[in-house]
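**Student:**
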Ligand code: ATP
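In our numbering, the protein residues as written are 9 to 464.
(1) Contact defined as beta carbons within less than 8 Å: I believe residue 404 pairs with residue 361. What is the distance between those atoms, to the nearest angstrom?
(2) Please find out if some non-hydrogen atom of ligand 1 comes closer than 6 Å to the beta-carbon of residue 383.
(3) By Cβ distance below 6 Å, which residues in the same chain neighbour residue 50 in space, the five residues on each side in sequence not counted?
(4) I'd like to confirm something about residue 279: is its beta-carbon nearer than 6 Å to some heavy atom of ligand 1, or not?
(5) Under 6 Å Cβ to Cβ from residue 199, same chain only, skipping five residues before and after it: list those, please.
(6) What did DSSP end up calling residue 128 once you bin it into helix, strand or coil?
(7) Considering only residues of the same chain and omitting the five flanking positions on each side of residue 288, which have a CB-CB separation below 6 Å?
(8) What did DSSP end up calling residue 173 once you bin it into helix, strand or coil?
(9) For the putative contact between residue 409 and residue 418, defined by C-beta atoms under 8 Å, what is the C-beta separation to the nearest angstrom?
(10) Quick check: the region 60 to 71 against the region 131 to 142, are at least 3 beta-carbon pairs closer than 8 Å?
(11) How long is the line joining the alpha carbons of residue 441 and residue 384, rounded to whole angstroms?
(12) Can you find a heavy atom of ligand 1 that lies under 6 Å from the Cβ of residue 243?
(13) Residue 389 by DSSP, collapsed to three states: which one?
(14) Does the distance from the CB of residue 183 to the CB of residue 235 come in under 7 Å?
(15) Check whether the Cβ of residue 95 lies closer than 6 Å to any heavy atom of ligand 1, and answer yes or no.
(16) Less than 7 Å between the beta carbons of residue 357 and residue 53, yes or no?
(17) With 16 other CB atoms within 10 Å as the buried threshold, where does residue 224 fall?
(18) Applying the criterion that 16 or more other CB atoms from any shown protein chain within 10 Å of the CB defines a buried residue, is residue 203 buried or exposed?
(19) Taking the alpha carbon of residue 448 as the reference point, which residue from 396, 352, 130 and 329 has its own alpha carbon closest?
(20) Could you tell me the boundaries of the alpha helix (DSSP H) in which residue 333 lies?
(21) Any contact between the region 82 to 89 and the region 156 to 163? By contact I mean 3 or more CB pairs, one from each, below 8 Å.
(22) Taking Cβ positions, are residue 245 and residue 334 nearer each other than 7 Å?
(23) Measure the CB-CB distance between residue 371 and residue 415 and report whether it falls below 7 Å.
(24) Which full runs of the alpha helix (DSSP H) of 4+ residues lie inside the region 350 to 399, going along the chain?
Below you can see the structure in the form of structure tokens.
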């Protein structure tokens, strides 16, 4: 039986721990709130998501380049950007249990006292909302004094604005062009995390696209569609993906338009990525505060202007959670239930499982050769000779491995192997010397399977 939505998150959290995707950070010391470590399969998933993003946003485009800016910048950066004064959530404290909750998300919050209730259900009185800054403070140098205060960046975007001129001049670029960055950001989040949906440290994949002011709308339309399509192409269920335009009263003060790409999580619709028109706000603010003119001079038109900015900003860990949830299925197969992750082959942490049918007759040796051949072709492989073949398939299904190759008697006599497909569970005979090519062809032709009907 397929699981009810409420159980899906628990099932995914448990699978992530059991199979080595995601662990609670500092687990042996009792953990630390909203913080996770990524195990061997988790890092592979994150890496593939980042590669897919970088390929799509940077490598395949002539007008987008990359950057890796520092996490700790001059603290004035965060005063200028408005984060020191304004990057805060309204918080309330429970006078009884001393816990702190986001005033605008009380419905999602749970009291830390057991049995866990919603704030106020425990009879505790809440304080008036207060602004609570989300930036992590640190100190530079040996002395902890006010003058040495610095911040861990709460977003990667500002590092891009600071380098706008450097990158434009070094690359002899002219708008429209983009600067992309993937890197860690830090926010002292208070609300419950829903696993890795909201954590205190997370990776962002952001791009600032600088355009002539009159081209703002055209590029906003372009990037909203491009980013939405990226998720669809990687297999997300179109019925659970939507684009939501912000209402005027929701917009940040510098933004003329913002849209969230939202996904229907087991806990409701949530933001997966935001695409915002940031106007010329950031470049102008940094120009004024730093005294460095962050403008573009168009030699043909002989005019100077501050470019407008379109920003697609996503979270890599939130993407990983979304791909995990979307790929997860408990499928009825005869009398059995098989757990399967229908990852796009592009994202699957392991591409091929390699199995000798039996542990004798030269099959393990041949299978080891096949594994080496696949690794040399950069196809992440996993060798397994333990247990019945059906169980070995199931173990790979559970971590989303799209292909399994079985080496049997035929392999030794006529050089063919059995290629088994995760989604359809179908098997085909493939000549060993065509195996790599066939895997590439099947990967290029992959389409998201329609999941078995079950309760939403
Ligand atoms: P939210 O409303 O969920 O707090 P946000 O609007 O503050 O998000 P942005 O500042 O636009 O988020 O950041 C861009 C992206 O970074 C988000 O769409 C999300 O995918 C990711 N992100 C933001 N905060 C977190 C977090 N605490 N943990 C994990 N990912 C995050």
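Each residue gets a CB set at the ideal place from its N, CA and C atoms; glycine is no exception.
Treat the numbers as computed from the prediction; the structure is a model and nothing was measured.
**Tutor:** Reading from the atomic positions:
(1) That belief holds up - the Cβ atoms of residue 404 and residue 361 are roughly 4 Å apart, short of 8 Å.
(2) It does not: the Cβ of residue 383 is nowhere closer than 6 Å to a heavy atom of ligand 1.
(3) These residues qualify, in order along the chain: 29 and 30.
(4) A heavy atom of ligand 1 is found nearer than 6 Å to the CB of residue 279.
(5) So the qualifying residues of the chain are 110 and 113.
(6) In the displayed model, residue 128 falls within coil according to three-state DSSP, outside both helix and strand.
(7) So the qualifying residues of the chain are 314 and 316.
(8) It is helical.
(9) Incorrect: roughly 22 Å between the Cβ atoms, too far for contact.
(10) Judged by Cβ distances under 8 Å, the region 131 to 142 makes no contact with the region 60 to 71, as fewer than three pairs qualify.
(11) Distance from the CA atom of residue 441 to the CA atom of residue 384, rounded to whole angstroms, is 13 Å.
(12) No, the Cβ of residue 243 stays beyond 6 Å of every heavy atom of ligand 1.
(13) Strand.
(14) The Cβ-Cβ distance between residue 183 and residue 235 does not fall below 7 Å.
(15) Here the distance from the Cβ of residue 95 to the nearest heavy atom of ligand 1 is not below 6 Å.
(16) The Cβ-Cβ distance between residue 357 and residue 53 falls below 7 Å.
(17) For residue 224, the number of other beta carbons within 10 angstroms of its own is at least 16, and it is reported as buried.
(18) Label assigned to residue 203: buried.
(19) Selection 396, 352, 130 and 329 evaluated against residue 448 yields 352 as nearest (Cα-Cα).
(20) Element bounds for residue 333: 324 to 335.
(21) Result yes; three or more Cβ-Cβ pairs closer than 8 Å.
(22) Yes, these two residues count as a Cβ contact at 7 Å.
(23) The answer is yes: Cβ separation under 7 Å.
(24) For secondary structure counted as the alpha helix (DSSP H) over 4 or more consecutive residues, the region 350 to 399 holds these complete runs in sequence order: 371 to 384.
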